[in-house]
DNA sequence: CGCCGGGCTTACTTTTTGGTAAGTTATTGC
DNA sequence: GCAATAACTTACCAAAAAGTAAGCCCGGCG
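Protein chains in written order, with this note's numbering: chain A, -11 to 109; chain B, -11 to 109.
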């Protein structure tokens, strides 16, 4: 067992998954891996089905873990921009693999995913 | 949204994670990626903290998804052996990456994981 | 004979995760 | 002046994942 920040992990894999686990983080990171300077609603609108509550939550955790960063553009009308960090980018082989594997699996089951997938691939 | 076997997925990544998500599957697969012909309790004893209920459940799902296979050696005293399948093995770059990333992260935070890690690395 | 180990099953509870929906502040556009 | 948009916050609720603990069948061992 590994102890880190008051949490316990069974192994290093567990540690990595603590950053990117959950239903949306990998999708958010994949999106920010392709697009720069994204606003909150731009991200939201490209994640079919996510609730704002979830998005806020995941963005906060990703920021805390330094995989993404948030720039506040203005306060009076509150406007922000999100970008992936180098640390976040270093995970991109993972996203690639997970996505390729999924696409391949779908193909073998008669589902072609390539169309309309410029986003969160 | 992708529909497959009465379930919906947001993207291919989601599909892949449906096979290997959860707290224990990757650890089980990593273990079987290294060791052949493992009995139930051999696996259990190398997964610190897993309950038998969880192990049974995860093994069943991994078998159903054809990432591992189970040989029944004898019925009267019930004895079995688990092995990873080629499909399961094809995921090993993923385990490697997740593990390396975790180990590296731990190193940067002053925790050295290498010792006593012939198992579930 | 009684206990131990292997490979489970079952019932019950807790924790974690995710979803719904409404409300907030402030600006732009008609 | 009213609606829409951006970027959230809050409260409440349901479902899914995981944990706890006990029990079962069978054979080997002392």
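Even glycine gets a Cβ: it sits at the ideal position worked out from N, Cα and C. Small disclaimer: the values here were computed from a predicted structure and weren't measured.
Span separating the alpha-carbon of residue 41 of chain B from that of residue 29 of chain B
12 Å
Less than 8 Å between the C-beta atoms of residue 21 of chain A and residue 83 of chain A, yes or no?
yes
Hey, residue 3 of chain B and residue -8 of chain B are a contact pair by Cβ (cut 8 Å); roughly how many whole angstroms apart?
7 Å
Would you check if the distance between the CB atom of residue 44 of chain B and the CB atom of residue 58 of chain B is smaller than 8 Å?
no
Quick check: is the beta carbon of residue 89 of chain B nearer than 8 Å to any beta carbon in chain A?
yes
What's the C-alpha gap between residue 23 of chain B and residue -10 of chain A?
23 Å
Tell me, please, whether the CB atom of residue 101 of chain A is closer than 8 Å to any CB atom in chain B?
yes
Based on DSSP bridge pairs, tell me the residues matched to residue 72 of chain B.
B:56
Pull up the CB-CB distance for residue 87 of chain A and residue 60 of chain B, whole angstroms please, since I reckon it's below 8 Å.
That belief does not hold up - the Cβ atoms of residue 87 of chain A and residue 60 of chain B are roughly 36 Å apart, past 8 Å.
Among B:27, B:9 and B:80, which one has its Cα closest to the Cα of residue 62 of chain B?
B:27
Could you tell me whether the Cβ of residue 14 of chain A comes closer than 8 Å to any Cβ of chain B?
yes
For residue 19 of chain B and chain A, any beta-carbon pair shorter than 8 Å?
no
For chain B, find out if any of its Cβ atoms is closer than 8 Å to the Cβ of residue -10 of chain A; answer yes or no.
yes
Beta-carbon proximity list for residue 56 of chain A, same chain, < 8 Å, skipping 5 on both sides:
16, 17, 20, 47, 50, 70, 71, 72, 73 and 76
Please classify residue 95 of chain A as buried or exposed, where buried requires at least 16 other C-beta atoms within 10 Å of its C-beta.
exposed
In chain order, what residues of the region 35 to 64 of chain A put their CB closer than 8 Å to some CB of chain B?
35, 36 and 37
What residues from chain A crowd round residue 0 of chain B, counting only those whose CB sits closer than 9 Å?
86, 87, 88, 89, 90, 91, 92, 93, 94, 101, 105 and 109
Considering residue 101 of chain B, what are the terminal residues of the alpha helix (DSSP H) in which it resides?
No alpha helix (DSSP H) contains residue 101 of chain B, which DSSP labels as neither H nor E.
With 16 as the cutoff for other CB atoms within 10 Å, does residue 93 of chain B come out buried or exposed?
buried
Drop a sphere of 10 angstroms on the beta-carbon of residue 64 of chain B, count the other beta-carbons inside from all chains shown, and report buried for 16 or more, exposed for fewer.
exposed
If residue 8 of chain A sits next to residue 79 of chain A, beta carbons under 8 Å apart, how far is it from one beta carbon to the other, in whole angstroms?
7 Å
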